[in-house]
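Colleague: Sequential numbering of the sequence shown, starting at 11, is according to our numbering.
Note that CB positions come from ideal geometry on N, CA and C, so glycine has one too.
Below is one structure. I have some questions about it.
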Amino acid sequence: MSPTPIRHIPLLAAGAVLATGLLSLPAAWAVDPNRMVDAFEATNGKFEGFRRSGAKGICATGEFVGSAQGRALSAASAFSGNPVPVVVRFSVGGANPNAADNGKGQRNLALQFDLPNGEVWQMGNINAPVFGAATPEQLLGRVESLRPDPATKAADPAKVKAFVDANPEVLMQGRYFASQPVPASYASVNYWGVHGFGFVNDKGQTQYGKWIFEPVGGVQGLSDEEAKARGPQFLFDDLRQRVKAGGVAFNFNLELAQPGDTINKATVPLPEGRQKVNLGVLKITAVSPDATGPCVGVTYNPMILPKGVVPTDDPMLAGRAAPYAVSLGRRLGEGAKQ
Ligand code: HEM
Numbered sequence: 011m012s013p014t015p016i017r018h019i020p021l022l023a024a025g026a027v028l029a030t031g032l033l034s035l036p037a038a039w040a041v042d043p044n045r046m047v048d049a050f051e052a053t054n055g056k057f058e059g060f061r062r063s064g065a066k067g068i069c070a071t072g073e074f075v076g077s078a079q080g081r082a083l084s085a086a087s088a089f090s091g092n093p094v095p096v097v098v099r100f101s102v103g104g105a106n107p108n109a110a111d112n113g114k115g116q117r118n119l120a121l122q123f124d125l126p127n128g129e130v131w132q133m134g135n136i137n138a139p140v141f142g143a144a145t146p147e148q149l150l151g152r153v154e155s156l157r158p159d160p161a162t163k164a165a166d167p168a169k170v171k172a173f174v175d176a177n178p179e180v181l182m183q184g185r186y187f188a189s190q191p192v193p194a195s196y197a198s199v200n201y202w203g204v205h206g207f208g209f210v211n212d213k214g215q216t217q218y219g220k221w222i223f224e225p226v227g228g229v230q231g232l233s234d235e236e237a238k239a240r241g242p243q244f245l246f247d248d249l250r251q252r253v254k255a256g257g258v259a260f261n262f263n264l265e266l267a268q269p270g271d272t273i274n275k276a277t278v279p280l281p282e283g284r285q286k287v288n289l290g291v292l293k294i295t296a297v298s299p300d301a302t303g304p305c306v307g308v309t310y311n312p313m314i315l316p317k318g319v320v321p322t323d324d325p326m327l328a329g330r331a332a333p334y335a336v337s338l339g340r341r342l343g344e345g346a347k348q
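Quick look at the structure:
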């Protein structure tokens, strides 16, 4: 368990450090964020205007109401019990804006809580309890090992194997997806925060934990035949219909870490059976009718936290901040698309 939260270093200050080159980089940014995004583009393809990851997505809006248990754990105004507006984005993993909806793999739930007094809380959650790399360096190595050879247009199997043999945990997320059915809907799958965070209450007490957004209506998967029959484009309309019918909500649940638990690794879930408390309910109230909406210009940066929630020293967590900003800058410059 990591009781020492890292300090949030403003992006501007980091930029200054990078520009002068006189000081060493903070550990989280030991990987140059432009090199990281370049590697994503070279391996996964470059689709102008789109997010370099989670490219196929849709904006929605929602409302979050925090619970008494949430208030007991954290002083964050998100848990006041008053409804909080949320800018939501659902997406399929990967860089391809035409990704198939009926394949196994990553689905994302990204949230921006617009809190009183201009405070903002951003997060990007995925439908797996673990991520595919433990550090930014490992993610970069994995992405670079998968880069297609210009001659064969395929990754070099020897390079892929060598990387995986040396870094076996990069396979855990893919194994989890393979073990699960294709999600029947964006509204019917669990979304994990994957990182640990500390919840700090009014008395200054900190409880560490990992969160999950669990659909109030339950988890629903498709058989292989059903997935084939649904075809590659069904998630947006399915979501619109379900939200119109008023039935899309998620419990924001926190699994409580105990002393000794590993809380600072995105590849290590908390042990089975940890106590789970409900922090409140997120209801999705509207879905964009088209590719526009309030999420287009948002980068869901998990280091943007409210007072009452602190990060752990998971290197992947701080490591997301700068590449997200690079991806945002590139896609805005190209004309941001959904
Ligand atoms: C250093 C590690 C990581 C890098 C370099 C990275 C890179 C990216 C990039 C470039 C984007 C697009 C940002 C934008 O254009 O707004 C993105 C989106 C996303 N990432 Fe990561 N990522 C990392 C780790 C993670 C982890 C650990 C998770 C697990 C929760 C995650 C979940 C997501 C989600 C949910 C989105 C979609 C957000 C949206 O809808 O805008 N990422 N990532």
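Could you name the residues that DSSP lists as bridge partners for Met133?
Modeller: Note: Met133 sits in a beta bridge opposite Leu121.
Colleague: In this structure, does DSSP put Tyr310 in helix, strand or coil?
Modeller: In the structure shown, Tyr310 sits in coil (DSSP, three-state: anything other than H, G, I, E or B).
Colleague: Consider the C-beta atom of Trp131 and the heavy atoms of ligand 1; say whether any pair is separated by less than 8 Å.
Modeller: No, the Cβ of Trp131 stays beyond 8 Å of every heavy atom of ligand 1.
Colleague: What is the DSSP secondary structure of Thr53, reduced to helix, strand or coil?
Modeller: Helix.
Colleague: Considering only DSSP beta bridges, list what Gly76 is partnered with.
Modeller: Note: Gly76 sits in a beta bridge opposite Gly290.
Colleague: For the alpha helix (DSSP H) that contains Ala259, what are its first and last residues?
Modeller: Note, Ala259: premise wrong, no alpha helix (DSSP H); beta strand (DSSP E) at 259 to 266.
Colleague: When we look at the beta-carbon of Leu150 and count the other beta-carbons within 10 Å, is it buried (16 or more) or exposed?
Modeller: With 16 or more other Cβ atoms within 10 Å, it is buried.
Colleague: List the endpoints of the continuous alpha helix (DSSP H) containing Tyr334.
Modeller: Element bounds for Tyr334: 325 to 344.
Colleague: Which residues in the same chain have their Cβ closer than 8 Å to the Cβ of Cys69, if we skip the five residues on either side of it in sequence?
Modeller: Counting only Cβ-Cβ distances below 8 Å, and skipping sequence neighbours, we find Val97, Val98, Arg99, Val297, Ser298, Thr302, Gly303, Pro304, Cys305, Val306, Gln348.
Colleague: Taking C-alpha atoms, which residue in Leu83, Leu125, Glu51, Asn127 lies nearest to Asn106?
Modeller: The shortest C-alpha separation from Asn106 is found at Glu51.
Colleague: Which first and last residues belong to the alpha helix (DSSP H) in which Ser101 is found?
Modeller: Premise fails: Ser101 lies in the beta strand (DSSP E), 94 to 102, not in any alpha helix (DSSP H).
Colleague: From the DSSP secondary-structure annotation, give me the bridge partner or partners of Cys69.
Modeller: Looking at the DSSP assignment, Cys69 forms a beta bridge with Arg99.
Colleague: If Gln122 sits next to Gly103, beta carbons under 8 Å apart, how far is it from one beta carbon to the other, in whole angstroms?
Modeller: In fact, because the Cβ distance is near 19 Å, the residues do not count as touching under 8 Å.
Colleague: If you measure between the beta carbons of Arg341 and Arg61, is that distance less than 9 Å?
Modeller: Yes. Within cutoff.
Colleague: Using only CA atoms, which one of Lys238, Pro321, Gly257 lies nearest to Gly113?
Modeller: Checked all of Lys238, Pro321, Gly257; the closest Cα to Gly113 is Lys238.
Colleague: Would the beta-carbon of Val192 fall within 9 Å of that of Glu236?
Modeller: A contact, by the Cβ cut-off of 9 Å.
Colleague: Pick helix, strand or coil for Lys171, following the three-state DSSP scheme.
Modeller: Three-state DSSP puts Lys171 in a helix.
Colleague: Do three or more CB pairs link the stretch 172 to 183 to the stretch 312 to 332 at distances below 8 Å?
Modeller: Taking 8 Å as the limit for Cβ pairs, the verdict is that the stretch 312 to 332 does not touch the stretch 172 to 183.
Colleague: Whole-angstrom Cβ separation of Gln201 and Ile136, contact assumed at under 8 Å?
Modeller: Checking the sequence, you will find Tyr at residue 201 rather than Gln. Indeed, because the Cβ distance is near 6 Å, the residues count as touching under 8 Å.
Colleague: Using CA coordinates, which residue listed in Ala194, Met46, Pro325, Lys220 is at the minimum distance from Thr145?
Modeller: Ranking the options by Cα distance to Thr145, first place goes to Pro325.
Colleague: Could you tell me the alpha carbon to alpha carbon distance between Val278 and Val153, rounded to whole angstroms?
Modeller: For Val278 and Val153, the distance between alpha carbons rounds to 20 Å.
Colleague: Helix, strand or coil: how does DSSP classify Pro139 here?
Modeller: DSSP places Pro139 in coil when its eight states are reduced to three.
Colleague: With DSSP run on the structure shown, which of helix, strand or coil describes Gln217?
Modeller: In this structure, Gln217 counts as strand in the three-state DSSP scheme.
Colleague: Compute the minimum distance between the beta carbon of Asn135 and the heavy atoms of ligand 1, and state whether it is under 8 Å.
Modeller: Indeed, a heavy atom of ligand 1 lies less than 8 Å from the Cβ.
Colleague: The alpha helix (DSSP H) with Gly151 in it runs from where to where?
Modeller: First-last of the alpha helix (DSSP H) with Gly151: 146 to 155.
Colleague: Look at Val287 and Leu315 and say whether their C-beta atoms are less than 9 Å apart.
Modeller: Not in contact: Val287 and Leu315 (Cβ atoms no closer than 9 Å).
Colleague: Which residues bound the alpha helix (DSSP H) around Val6?
Modeller: As displayed, the chain neither begins before 11 nor continues past 348, which places residue 6 out of reach and without an answer.
Colleague: Considering only residues of the same chain and omitting the five flanking positions on each side of Val253, which have a CB-CB separation below 6 Å?
Modeller: Here the set comprises Ile294, Val297.
Colleague: Taking the alpha-carbon positions, what's the Ser155 to Ser63 distance?
Modeller: Straight-line Cα distance between these residues: approximately 17 Å.
Colleague: Taking DSSP as the reference, what is the three-state secondary structure of Ala296?
Modeller: DSSP places Ala296 in strand when its eight states are reduced to three.
Colleague: Going by other Cβ atoms of all chains shown within 10 Å of its Cβ, with 16 needed for buried, is Arg81 buried or exposed?
Modeller: Its Cβ being crowded by 16 or more others within 10 Å, Arg81 is buried.
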